[in-house]
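One structure is given here, and the rest of the page talks about it.
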Amino acid sequence: MCGIAALFSRRDPISPGVISRATQSLWHRGPDGQRHWIARDKRVALGHARLSIIDLITGDQPIASEDERTRIVVNGEFYGYESIQRELENAGHRLRTRSDSEIALHLYEDLGAQCLHRLRGEFAFVLWDEKHRTIFAARDRFGIKPLFYAFHEETLYLASEVKALFAAGVPARWDAESVFHSVEFGGHQVRTLFQDVFQVPPGHYLVATEDHIQLIRYWDFDYPKAEVAGGLRSDTDCIAEFRQALEDAVRVRLRADVPVGCYLSGGLDSCAVLGLAAKHHPEPIRAFTLTFDRAEYDEEKEAREMAANAGAELVPIPIGQDDLADHFADAVLQSETFCLNA
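Residue numbers (my numbering): 67 to 408.
Shown next, in the form of structure tokens:
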């Protein structure tokens, strides 16, 4: 989990202090280093707070293209990136890092917005295209990684968290209508709880030039009609297809230059993920589970049994009623929105 921030001004020069404050406000997302870049004309700035997962040595951001006319900051991870790295190098690109983040930069150079169809992962990124004087920002298909934006006094602000927008100078005001909508209906894909602060929806990208800002959908669910889907595959085929998809999804997420861990409860979903991860990972996996002082909430017994079966190291994290009360304000501060979970 890293943090990104970006500013694109149509009028006034951007102060180094502004992008620095935005980036520093994301320190908790990226404690391994904070860096920023400002264009020569001071109309564009990119910031990055890094949590090192892949390429611990050379993976600092922002990352520049070979001619330094395109730069990118990324939060998240691209799966299967190594084969794309080889493809890019064979096409003549000179990679500055071995980080998965850099593939998005060069794929954009070659394919433009169509690069998103080559990217598999959970991500949000902001890219500055100097040649076309364009900001290109995108969010993964399911919106796993956040990306917020605001337009204030002829400047576009983007960041991983609303707090970074406020740190950069966006006014912090409640959006009463959006708050009501969130309480009644459970949130919104575009609006936030704050006035004139929005989020790039899942499966969308944002393009900003000197003249306009546009949101464009690049992906959506493609469900077959029930009468078509029902006649295509048997239950056995559906189960086999689901297992293959889940196993592949777990396998590609095990690539890291740091130890791999897993959340674990007593539920079927996390147990399945741990079991498949243990199958494909050569080293024992650390499994973290929350334990509670009230028996009706505690699943440590089931988690411990699953960890033993998978050969994982169980790491219990005790949570009491006082912990929930003491850290409630911190949880609200970090979430920035309503958290609905069953």
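The C-beta atom is built at its ideal place from N, Cα and C for all residues, glycine as well.
Please read these numbers as outputs of a predicted model, since none were measured by experiment.
For a quick check, are the C-beta atoms of R186 and G146 less than 8 angstroms apart? yes
Which residue's Cα is closest to the Cα of F308: H270, G125, D335 and D364? D335
Would L73 and T258 qualify as a contact pair, given that the criterion is a beta-carbon distance under 8 angstroms? no
List the residues that DSSP assigns as beta-bridge partners of T357. P384
Scan the region 223-249 and note each continuous alpha helix (DSSP H) run of 4 residues or more that stays entirely inside, going in chain order. 228-234
Taking its Cβ as the centre, do 16 or more other Cβ atoms sit within 10 Å of A111, making it buried, or is it exposed? buried
Taking the C-alpha atoms as reference points, what is the distance between A204 and V273? 9 angstroms
Between R118 and A233, how many whole angstroms is the CB-CB distance? I'm expecting something under 8 angstroms. At residue 118 the sequence reads Ser, which differs from the Arg that was named. Going by Cβ atoms, the distance from S118 to A233 rounds to 23 angstroms, so no, they are not a contact pair.
Would you list, in sequence order, the uninterrupted beta strand (DSSP E) runs of no fewer than 3 residues that lie entirely inside the region 268-317? 270-274 and 279-283
Would you call the region 91-106 and the region 239-247 touching, i.e. three or more CB-CB distances under 8 angstroms? no
Suppose only complete runs of 4+ residues qualify. What are the alpha helix (DSSP H) ranges in the region 76-144, listed by chain order? 82-90
Assuming contact is defined by CB atoms lying nearer than 8 angstroms, are E313 and L342 in contact in what I supplied? yes
Please state whether the Cβ-Cβ distance between G269 and R207 is less than 8 angstroms. yes
When you compare each of A397, S300 and L231 to S86 by their alpha carbons, which one comes out closest? L231
When the distance is taken between beta carbons, is V139 closer than 8 angstroms to G235? no
Assumed close pair I123, D166 - CB separation to whole angstroms, cut-off 8 angstroms: The pair is not a contact, with the Cβ atoms about 14 angstroms apart (cut-off 8 angstroms).
Among residues of its own chain, excluding the 5 on either side of V324, which ones have a beta-carbon nearer than 8 angstroms to its beta-carbon? S118, I119 and L122
H346 (DSSP reduced to helix, strand or coil): helix
Could you check what DSSP says for Y363 in three-state terms: helix, strand or coil? coil
Three-state secondary structure assigned by DSSP to A338: helix
Enclosing beta strand (DSSP E) for D168 [first to last residue]: First, the amino acid is wrong: residue 168 is Glu here, not Asp. E168 -> not in any beta strand (DSSP E); alpha helix (DSSP H) instead, spanning E168 to L177.
Between the region 210-228 and the region 282-290, do at least 3 Cβ pairs fall closer than 8 angstroms? no
Taking V326 as the reference, which of I279, E148 and V339 has the closest Cα? V339
Are the beta-carbon atoms of G377 and P348 separated by less than 8 angstroms? no
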